[in-house]
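In full-length UniProt numbering, the protein residues as written are 1 to 99.
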């Protein structure tokens, strides 16, 4: 059995995957699992000492609700373009999914 993780914002599905990566308490979603029509690039950027420079998305009008690492550092290379979400800005549900 695998887990299915869904992200909604204002009752709109914005990401869904059974192939997320869980790091530091956050789910990172494969780039092809986000529903791109709800995302707009943000000008915000931050730096993580081991993951690198993060870029952000405004999602359904909520500024910087999601972030990703377009060019992660070597230690975090598996996160390239994977998208994570702020738990206080979206709803995240994990359910058991059958394989």
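Built from N, CA and C at the ideal position, the CB exists for glycine as well.
Because the structure is a prediction, the values reported are computed rather than measured.
Roughly how many angstroms separate the alpha carbons of residue i and residue j, rounded to a whole number?
i	j	result
residue 18	residue 3	6 Å
residue 78	residue 29	11 Å
residue 89	residue 61	11 Å
residue 81	residue 70	5 Å
residue 53	residue 37	24 Å
residue 92	residue 7	5 Å
residue 56	residue 5	20 Å
residue 95	residue 25	16 Å
residue 44	residue 31	19 Å
residue 27	residue 11	19 Å
For my contact list, residue i and residue j are in at a C-beta cut-off of 8 Å; report their separation, rounded to the angstrom.
i	j	result
residue 58	residue 84	Their Cβ separation, rounded to whole angstroms, is 15 Å, which puts residue 58 and residue 84 out of contact at 8 Å.
residue 75	residue 50	5 Å
residue 35	residue 13	6 Å
residue 42	residue 15	Their Cβ separation, rounded to whole angstroms, is 16 Å, which puts residue 42 and residue 15 out of contact at 8 Å.
Check whether the Cβ of residue i lies closer than 7 Å to any heavy atom of the ligand NAP, and answer yes or no.
i	result
residue 71	Among the components modelled here there is no ligand, and therefore nothing to report on the ligand NAP.
From this set, the options, which residue's C-alpha is nearest residue i's C-alpha?
i	options	result
residue 65	34, 26, 87 and 94	87
residue 110	95, 15, 68 and 91	This structure leaves residue 110 out entirely; the chain is present only between 1 and 99.
residue 72	7, 91 and 47	47
Completely contained beta strand (DSSP E) runs for the UniProt domain "DUF427" (5-87), where each covers 3 or more residues: Entirely contained in the UniProt domain "DUF427" (5-87), the beta strand (DSSP E) runs reaching 3 residues are, in chain order, 12-17, 21-23, 26-28, 39-48, 52-59, 62-68 and 83-85.
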